[in-house]
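Please read the structure below before turning to the comments.
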Amino acid sequence: MTEKFAADVLICGAGAAGLALAIELARRGISFRLIEKMDGPFHGSRGKGIQPRTQEIFEDLGILDRLVAIGGLYPSERRHREDGSYVDSDATDHGVSSAAEPYHLPLMVPQFLTEGLMRERLEELGHRAEFGRELIGFEQDADGVTVRLMGEAGAETLRVRWLVGADGGRSVVRHVLGIDFPGKTLGVRAIVADVILTGLTRDAWHRFNEGNMARQISFCPLAGTGMFQIQGPIPLEGDIDLSAEGLKAIVAERTNRDDIHIQSVSWASAYSMNARLADRYRVDRVFLAGDAAHIHPPTGGQGLNTSVQDAYNLGWKLAAVANGAPEALLDTYEEERRPVAAAMLGLATKLLDALKRGDMRRGREVHQLDIGYPESSLAPEQPSRVGGLLAGDRAPDAPVRGAAGRAVRLFDLFKGTHWTLLGYEVERGAVRPRRDMHIHIFGPKGDMLDDEGHFRDAYAPAVGDWILVRPDGYIGAIVTSGDMETLETYLAQVGLGLVDTGCN
Ligand SMILES: Cc1cc2nc3c(=O)[nH]c(=O)nc-3n(C[C@H](O)[C@H](O)[C@H](O)COP(=O)(O)OP(=O)(O)OC[C@H]3O[C@@H](n4cnc5c(N)ncnc54)[C@H](O)[C@@H]3O)c2cc1C
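Numbering (the UniProt record's numbering), first residue to last: 1 to 504.
See the structure below:
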């Protein structure tokens, strides 16, 4: 008899990773519960930088325009000198937007506003996070996971097919699984505080004593709010007074100014910086995502972005397997995401060292647009292809036109939960349609027109090529018309095999 589960997935933790995963499952109709031990939403600004690649993902999830509407761009950085003068500079390499990369500027949105929009999107999809409900233990067997929860209404035990620990750096799920979290403590402790203050303008990110770890302090005007985010290193040991009075004293001592008045503190925290990576992201039916799997210094604004992208990678795979795709698809989550986190830990630590010296510059690498999965078992080798895109690469955008005349972007064609198969000068009937895959054809009698050549520039297709784009916007496979068997094998591997209707 088939076992009846309370839900397919239990997501533990309603931070950025848990919410992104919940949206991904909700829009695919997969049953899940999202629990959060806190009684209400987190209200700190912490992860305020939304990188261009995450903007593309938020566009797909349906919240990018709302995010831009409530957030803003980073202002220039103002380095204040001892004598009261200052110099403004732009510490971020912005690049330029292009047809292939529509977003090139990191957005600033305080984390509590981003998470608020994600909850709003989740509600539109008919789901809510359950606050005040804590995971206190679990056991798994071959068929499912038995989880124990505690909340105001008392204890609850339920059976789910999969458990995802999106429960932050101190992850209970990681501890119960006994997964090691090796790495290092970076010897830096810092404060972060969201405050209302007077005495500083809102047109710049004010920085004092750059390069001096004992006296450094910065004030970033938080877009979408009237607050500033204060950040600064503090001694490794000892209590820190995070009240308005306590912060005022630190500010006066470090800036030598008596005109900066902290009026109120909305959220504040003192934390030690670590760079750690979980040895494994999965033990059978239980997964780790977000800070539960990797923690690092905030330099470069990578943590929330990487956490959302973990969930974006795991979500479609869990949904596919819940709907009958081979279980092996789930192995590709750790295979693809763990190397990304390892590289990101190196980057954030390198930027922290630069910050200590007072010469941090954030380049293209923080934008996360070059992340890809070329080594993945979901990225078959293409020995015949020289140059251009390869399987595992991010699928670029391109403005094109529908045959009926309307302007459309490739990202519009990708938007949603389906796979997309793009054919270039191919025969339409060569691939049978199937559920969850949209087919578009460029070329004579195609439904898509590439008048301005943006598709050709970005994808460098050869005549007869088929390009398969995954639901998370990475290239799954590129095959020639002479190699349709490879495409069919690939589609079966990801759960898109042909259904025998008995009508053929
Ligand atoms: C000063 C600072 C600046 C930062 N700046 C940036 C930035 O610019 N860009 C960026 O990308 N990142 C930034 N980050 C990092 C970012 O905040 C984190 O990476 C992000 O919050 C991780 O999201 P998460 O969902 O994985 O974990 P969390 O946000 O930690 O969420 C985990 C949730 O799980 C809940 N939970 C834990 N245990 C249980 C349990 N047993 N049962 C139920 N619920 C549980 C917790 O209460 C929590 O709400 C910054 C961090 C700091 C400290």
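Glycine included, every Cβ here is placed at the ideal spot set by N, Cα and C.
Query	Result
Is there a Cβ of chain B sitting closer than 8 Å to that of Thr486, yes or no?	In the displayed structure, chain B is absent; only one protein chain is listed.
Have a look at Thr185 and Ala275 and give me their C-alpha separation to the nearest angstrom.	7 Å
Determine the burial state of Val366: buried for a count of at least 16 other Cβ atoms within 10 Å of its Cβ, exposed for fewer.	buried
Would you check if the distance between the CB atom of Glu115 and the CB atom of Leu197 is smaller than 8 Å?	no
Out of Ala404, Ala379 and Tyr424, which one is the CA nearest neighbour of Thr486?	Ala379
Runs of 4 residues minimum, wholly inside the stretch 172-224: which ones carry the alpha helix (DSSP H) assignment?	172-177
Do the CB positions of Gly264 and Thr332 come within less than 8 Å of each other?	First, the amino acid is wrong: residue 264 is Ser here, not Gly. In this structure, Thr332 does not lie closer than 8 Å to Ser264 by Cβ.
Are there 16 or more other CB atoms within 10 angstroms of the CB of Val321, so buried, or fewer, so exposed?	buried
Could you check whether Leu163 and Ile23 sit closer than 8 Å to each other, using their CB atoms as the reference points?	no
Given a threshold of 16 other Cβ atoms within 10 Å of its Cβ, counted over all protein chains shown, does Ala223 qualify as buried or as exposed?	buried
For the candidate residues His127, Asp258 and Ser31, whose alpha-carbon lies nearest to that of Arg159?	Ser31
Only counting the same chain, and skipping five residues up and downstream in sequence, which positions put a Cβ closer than 7 Å to that of Val96?	His104
Specify the secondary structure class of Gly502 as computed by DSSP and reduced to three states.	Note on Gly502: pLDDT 49, under 50, position unreliable in the model; no value is reported.
Unbroken beta strand (DSSP E) runs of length 3 or more, entirely within the stretch 53-106: which are they?	76-80 and 86-89
Is it buried or exposed for Thr489, if we count other Cβ within 10 angstroms and need 16 for buried?	exposed
I need the boundaries of the alpha helix (DSSP H) containing Glu139, first residue and last residue.	It is not in any alpha helix (DSSP H) - Glu139 instead sits in the beta strand (DSSP E) that spans Arg133 to Gln140.
For Arg121 versus Glu36, is the C-beta spacing smaller than 8 Å?	no
Is residue 508 helix, strand or coil by DSSP?	Not covered by the structure: residue 508. The range shown for the chain is 1 to 504.
Return the residue from the list Arg128, Gly211 and Ala14 that minimises the CA-CA distance to Leu135.	Ala14
Out of Arg435, Trp419, His440 and Asp436, which one is the CA nearest neighbour of Val426?	His440
Taking all protein chains shown into account, do 16 or more other C-beta atoms lie within 10 angstroms of the C-beta of Lys4, making it buried, or fewer, making it exposed?	exposed
Could you tell me if Glu375 is buried or exposed, where buried requires 16 or more neighbouring beta carbons within 10 angstroms of its beta carbon?	exposed
Please classify Ala16: does DSSP put it in a helix, a strand, or coil?	helix
Runs of 4 residues minimum, wholly inside the stretch 272-305: which ones carry the alpha helix (DSSP H) assignment?	none
Can you list, in chain order, the residues of its chain whose CB lies under 6 Å from that of Arg189, leaving out five sequence neighbours each side?	Ile234, Leu236 and Ser272
Does the beta-carbon of Glu130 have 16 or more other beta-carbons within 10 angstroms, so that it is buried, or is it exposed?	exposed
From the DSSP output, read off the bridge partner residues of Phe32.	Val9
Rounding to the nearest angstrom, what Cα-Cα distance links Gly71 and Asp397 in this structure?	23 Å
Going along the chain, which residues of its own chain have a beta-carbon closer than 6 Å to the beta-carbon of Gly151, five neighbours each way excluded?	Gly132 and Arg133
Measuring CB atoms only, is the stretch 336-348 touching the stretch 299-310, in the sense that at least three cross pairs come out at less than 8 Å?	yes
Just verifying my parser: in three-state terms, what is the DSSP assignment at Pro339?	helix
Would you say Ser307 touches ligand 1, meaning its beta carbon is less than 7 Å from a heavy atom?	yes
On the DSSP letters alone, give me the boundaries of the alpha helix (DSSP H) that Ala403 sits inside.	Ala403 -> no alpha helix (DSSP H), and no H or E assigned at all.
Would you report the Cα separation of Phe181 and Leu113, rounded to the nearest angstrom?	30 Å
Should Leu25 and Ala319 be called a contact, given that it needs their Cβ atoms to be closer than 8 Å?	yes
Take Glu253 as the anchor and find which of Gln216, Val431, Val176 and Tyr281 has the nearest alpha-carbon.	Gln216
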